[in-house]
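*Asks:* Sharing a structure, written as structure tokens. Questions coming.
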Amino acid sequence: MALPIEDYAIIADTQTSALVGRNGSIDWLCVPRFDSGAIFAALLGDEENGHWTIAPEGESTARRRYRDETLVLETEFETPTGLVRLIDFMPPRTESPSVIRLVEGVRGEVDMSMVLRLRFDYGHVIPWVYKEQNDLVAVAGPDAVWLSTPVETRGENLATHANFTVRAGDTIPFTLTWRPSHLTAPEPTDPVHQLGVTEGYWRGWISACTYEGEWRDAVVRSLLTLKALTYAPTGGIVAAATTSLPEKLGGVRNWDYRFCWLRDATITLQSLLFSGFQSEATAWRKWLLRAIAGNPSELQIMYGVAGERRLDEYTADWLTGYDGNPVRIGNAAAEQFQLDVYGEVMDALHQGRRAGLKADDPAWGLQVKLMEFVEEHWMDPDEGIWEVRGGSKQFTHSKLMAWVAADRAVKAVEEFALDGPVDRWRRLRDEIRNDILEKGYDTERRTFTQFYGSEELDASLLMVPLVGFLPADDERVIGTVAAIEEHLLVDGFVQRYTQHPDTDVDGLPPGEGAFLACTFWLADNYALMGRHDEARETFERLLALRNDVGLLSEEYDTDAGRLVGNFPQAFSHVPLIDTARTLSSALAPTEARAKEGLR
């Protein structure tokens, strides 16, 4: 069985990524893109579905870290006979994706073992393996993988094995390169030189970071993770590196997140933009215009990394799944209508202009068309932010984001002198606002509700003050936060929405982990309300959930004390960055007054 989710780290080349376990095993790698078939799929099955392990032969203890502000992973194995360091990285993509693993002797000598079990098409296809000159080649269908190493290898039980000894001062390289099977061998490369190139790439990129607050280390690691989830050729940003890691252990809430959600990508864009990374924002905006070009009524909530629209979902039933969960490839939610994405796209493009991106580009023409759709369809029921599979409803958060769309359209005309029917949009903004306050707010319980006329609660309504719909000190915001604290806050972490046997809103059995983004939103609300101590306490509690190399999944199982959901998750790392910025701004004056005895 695969390791606990928190025992993995990510390496990436901004076109795909691999998950490396603390035991030295790469259990997940899709090539050549994030959404391609996996050549290592032990994460969702067992070792027979493909993995690449390099580790000491005998007993050892492991500790690991990323090299400074990079995506170069170091794992040190301490054994009774010595200390060995395993360095894992993916060089910036040139022609073919490669994983390079360097085994360094630090102290004494250590007997090492390598097992390379390649299984193409998500652990389904056993390749034909042969030697070509000094390299090992594995081929099946369209895929070919080349292994280059000075270590002698042997075939055993449909896998490649090696045993070798590392002494202090030794560096033993392994380079694994994927190529389409009809191409010739990859060009030889110097692994040690590539290590320097890779370190330089990540350090050069993160040097643009403008955040210098108290939580810089956490913010930098989150920014690097978001960059790792960016598909550089197109500017698309995937939601996570994995598919089918469960939101509930042993349950059925397992989805493929290796695609570009408009919602996730827009909030990622804003975090990158506000942290100093304009080139990513520009590339994403170009991706967006290409992906959603056409009739706004055909806008999808997600696309492939190059803007593909067909993301058909099927179950890979030859894989046992993580903790026995079904493995899904593709995502049927791409066909859903989710009204809120219109607001998120409008907001992202507006914030981009505010941050200095060109105001007179084709994006405005697209936005005008999007607003025509919002005007006609904002009253329609939809599947909402959580992609429910229990039927469409009048979700309050969806209406909130329709209001955001109208509000940002008005502000675009007011602030940038863009051409549009601003008076009509102002009336629309007021109409949506009044509708939300009348139908989405429960005056008796003093809280916004999940959908019109319901008694259910939804943590997405924590966005009310964050998007500027109401100020944080409004009694309706205060009442909503109080209701969420009472009914959705479990062991200090926020559940997404009410789940009990009597409701079938999401069409799935109840039960899942606490949603980390919602807990970050609660911390933001506390900060805006002036509840600074609670804001800091909540934020620090969230930071403590990060694994030993600073990564977060989508959710946290408070009963099991484990990270759950796809990993690493953009929708967790983005609010971490945003909350750090919010708290840095909100807390600094308060703490300064406290030091001066003025509180």
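Numbering (my numbering), first residue to last: -10 to 588. Glycine included, every Cβ here is placed at the ideal spot set by N, Cα and C.
(1) Where A398 and T255 are concerned, what is the direct C-alpha to C-alpha distance, given to the nearest angstrom?
(2) What residue from E543, T508 and L541 has the CA that sits closest to E526's CA?
(3) Would you call the CB atoms of R205 and E58 closer than 7 Å?
(4) Rounded to whole angstroms, what's the CA-CA distance from P45 to Y545? Just pull it up for me.
(5) What do you get for W353, buried or exposed, if any count of 16 or more other CB atoms within 10 angstroms of its CB means buried?
(6) Just verifying my parser: in three-state terms, what is the DSSP assignment at P557?
(7) So, helix, strand or coil for T231, using DSSP?
(8) Does the ligand MG have even one heavy atom less than 6 Å from the beta-carbon of D548?
(9) Looking at the secondary structure, which residues open and close the alpha helix (DSSP H) in which V190 lies?
(10) Hey, could you find the ends of the beta strand (DSSP E) D16 is sitting in?
(11) Quick check on the burial criterion: 16 or more other C-beta atoms within 10 angstroms. Buried or exposed for P69?
(12) Is it buried or exposed, Q327, if we count other Cβ atoms within 10 angstroms and call 16 or more buried?
(13) Measuring alpha carbon to alpha carbon, tell me which of E324, E501, I76 and P410 ends up nearest A395.
(14) Quick one: using the 10 Å Cβ neighbour count with 16 as the cut-off for buried, is M335 buried or exposed?
(15) Which residues in the same chain as I76 place their Cβ atom closer than 6 Å to its Cβ, once the five residues preceding and following it in sequence are excluded?
(16) Using DSSP with H/G/I as helix, E/B as strand and the rest coil, what is Y430?
(17) I256 lies in the alpha helix (DSSP H); which residues open and close that run?
(18) Under 8 Å Cβ to Cβ from P175, same chain only, skipping five residues before and after it: list those, please.
(19) Quick one, which of T257, R415, E529 and T42 has its alpha-carbon nearest S561's?
(20) Taking the alpha-carbon of T31 as reference, which of R434, G310, E474 and A344 has the nearest alpha-carbon?
(21) How would you write the range of the alpha helix (DSSP H) that G468 sits in, first residue to last?
(22) Within the continuous beta strand (DSSP E) that includes A51, where are the two ends?
(23) In three-state DSSP terms, what is T138?
(24) Could you tell me the alpha carbon to alpha carbon distance between I43 and L8, rounded to whole angstroms?
*Replies:* Let's see:
(1) 16 Å
(2) T508
(3) no
(4) 32 Å
(5) buried
(6) coil
(7) coil
(8) The ligand MG is not among the ligands present in this structure, which contains no ligands whatsoever.
(9) This sequence places Tyr at residue 190; Val is not what is there. Segment P180 to I195, the alpha helix (DSSP H) holding Y190.
(10) S14 to C19
(11) exposed
(12) buried
(13) P410
(14) buried
(15) E63 and L91
(16) strand
(17) L251 to F263
(18) E84, S85, S87, W135, T166 and R168
(19) T257
(20) Thr is not the amino acid found at residue 31; the sequence shown has Ala there. Of R434, G310, E474 and A344, the residue nearest in Cα terms is G310.
(21) E464 to H476
(22) T50 to Y55
(23) coil
(24) 14 Å
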